[in-house]
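Protein chains in written order, with my numbering: chain A, 2 to 139; chain B, 2 to 139.
Below: one structure, written as structure tokens.
There are 2 protein chains.
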Amino acid sequence: MIAEILTRETVDLESNPETIKEHACGDHHERLLAITDAMDILHGKWKIQLIGILLFKGKMRFGELLRNVRGIGAKMLSKELQNLEANKIITRRVLQTKPITVEYEITRYGKSLEPTITSIVDWGMNHRKKIMSSDRTN
Amino acid sequence: MIAEILTRETVDLESNPETIKEHACGDHHERLLAITDAMDILHGKWKIQLIGILLFKGKMRFGELLRNVRGIGAKMLSKELQNLEANKIITRRVLQTKPITVEYEITRYGKSLEPTITSIVDWGMNHRKKIMSSDRTN
DNA sequence: GTTATCAGTTTCCTGAAGGAAACTGGTATC
DNA sequence: GATACCAGTTTCCTTCAGGAAACTGATAAC
Chain A
2 MIAEILTRET
12 VDLESNPETI
22 KEHACGDHHE
32 RLLAITDAMD
42 ILHGKWKIQL
52 IGILLFKGKM
62 RFGELLRNVR
72 GIGAKMLSKE
82 LQNLEANKII
92 TRRVLQTKPI
102 TVEYEITRYG
112 KSLEPTITSI
122 VDWGMNHRKK
132 IMSSDRTN
Chain B
2 MIAEILTRET
12 VDLESNPETI
22 KEHACGDHHE
32 RLLAITDAMD
42 ILHGKWKIQL
52 IGILLFKGKM
62 RFGELLRNVR
72 GIGAKMLSKE
82 LQNLEANKII
92 TRRVLQTKPI
102 TVEYEITRYG
112 KSLEPTITSI
122 VDWGMNHRKK
132 IMSSDRTN
């Protein structure tokens, strides 16, 4: 992943006439790269919801997430949590209770996604209002 | 789509004891719904990039998008543009030039996504810095 | 000893996402 | 009349995201 990004950047900055042209006409190019970098972490049906609920509610157990995130199954939940943990967005802690429980919690780094998540939530709420009132003025 | 959302809301507000419980413990529930509503519009590999570039650069032609959005093919570009147009995020205008050209432009409603896109770009840039300096402090 | 809960894993399956390449059809240029 | 550019469309193909359901294995309650 790191290598991939470094490669991309090398290609971008050297010996590519098209890229130079694009840089000349405003570097949206760099911002598009930032979007794909962000979406590499956030893509898929569940990750943003999981980050959101952990931001909103603090730590949660596996079963709680299963019950609170509408429609998710155990397999996808497990998979997405592993992925988010690998990317340092959340932590996993096993508690030695009688039946063991596992707590998932957002990391400090994960919290840096709060403005992004909030912005998505805000737009989504506004969007729903627009749809329901059929008031999308072009 | 509208019906779908209305149905969901009906289910949410009535006769579902679990939902009532969740509402009692803080309505993250409503915010998760907002996330899925937003992602219904933004999901997939290309839509956020397309909205981004049209926000950054104003109107663009089909071929320009094809050349500027790294990796996209004509089929996907066409499909995603149609979808964004159907959702009133962008407009399509055919210009009667010698070989006809087609301009795509963000709508006023599409512009309401700017804070969201910007927030994703900002996080993505920060994320790349972190990765490259290997400085992700837990 | 049967059932339940915890937190998953495994298997099997399907549909959708997405890509490559060829094709369309109109106009202009050489 | 051959080639090229415009903006797509169509076909064919592969891969992967994601879901359902059964299973694991430990402990506790009845």
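Don't be surprised by glycine CBs; every beta carbon is placed ideally from N, CA and C.
Values in this document were obtained by computation on a predicted structure and should not be read as measured data.
With respect to the 7 Å criterion, B:Glu115 and B:Leu56 are classified as neighbours on the basis of their beta carbons.
Contact between B:Arg71 and A:Asp38 fails: their C-beta atoms lie close to 13 Å from each other, not under 8 Å. A:Lys112 and B:Glu81 have their C-alpha atoms spaced approximately 31 Å apart.
Cβ contact annotation for A:Thr102 (same chain, cutoff 6 Å, sequence separation greater than five): Arg62 and Leu96, in chain order. Of the residues A:Lys99, A:Gln50, A:Arg109 and A:Lys60, the one whose Cα lies closest to the Cα of A:Met77 is A:Gln50. For B:Thr117, the enclosing alpha helix (DSSP H) starts and ends at Glu115 to Ser134.
For A:Ile42, the uninterrupted alpha helix (DSSP H) run begins and ends at His29 to Leu43, by DSSP. Chain-order list of chain A residues neighbouring B:Ser120: Pro116, Thr117 and Ser120, by C-beta distance under 7 Å. Contacts between A:Arg129 and chain B, judged by CB atoms closer than 8 Å, involve Ile6, Leu34, Ala35 and Asp38 in chain order. Taking 8 Å as the upper bound on Cβ-Cβ separation, chain B lies near residues Arg68, Asn69, Val70 and Arg71 of the stretch 61-85 of chain A. Within chain B, the residues whose beta carbon sits less than 8 Å from that of A:Gln50 are Leu33, Ile36 and Thr37, listed in sequence order. Any Cβ of chain B closer than 7 Å to the Cβ of A:Gly53 would place that residue at the interface, and such an atom is present. The Cβ of B:Gly111 sits no closer than 7 Å to any Cβ of chain A. Between the C-alpha atoms of A:Ala35 and B:Ser120 there is a straight-line separation of about 10 Å. In terms of CA proximity to B:Ile90, B:Leu43 leads the group B:Leu43, B:Gly74 and B:Asp28. Interface annotation, B:Gly45: not in contact with chain A, CB-CB separation never under 7 Å. Put simply, the CB of A:Gly59 is far from chain B, with every gap to its CB atoms at 7 Å or more. Residues of chain B with a Cβ closer than 8 Å to the Cβ of A:Ile107 do not exist, since the nearest Cβ in that chain sits about 11 Å away. B:Gly125 sits buried, since 16 or more C-beta atoms from the chains shown fall within 10 Å of its C-beta. In its own chain, leaving out the 5 sequence neighbours on each side, no residue places its CB closer than 6 Å to the CB of A:Ser79.
For A:Ile52, the enclosing alpha helix (DSSP H) covers residues Lys48 to Lys58. What A:Ile42 touches in chain B, judged by beta-carbon distance under 8 Å, is His128, going in chain order.
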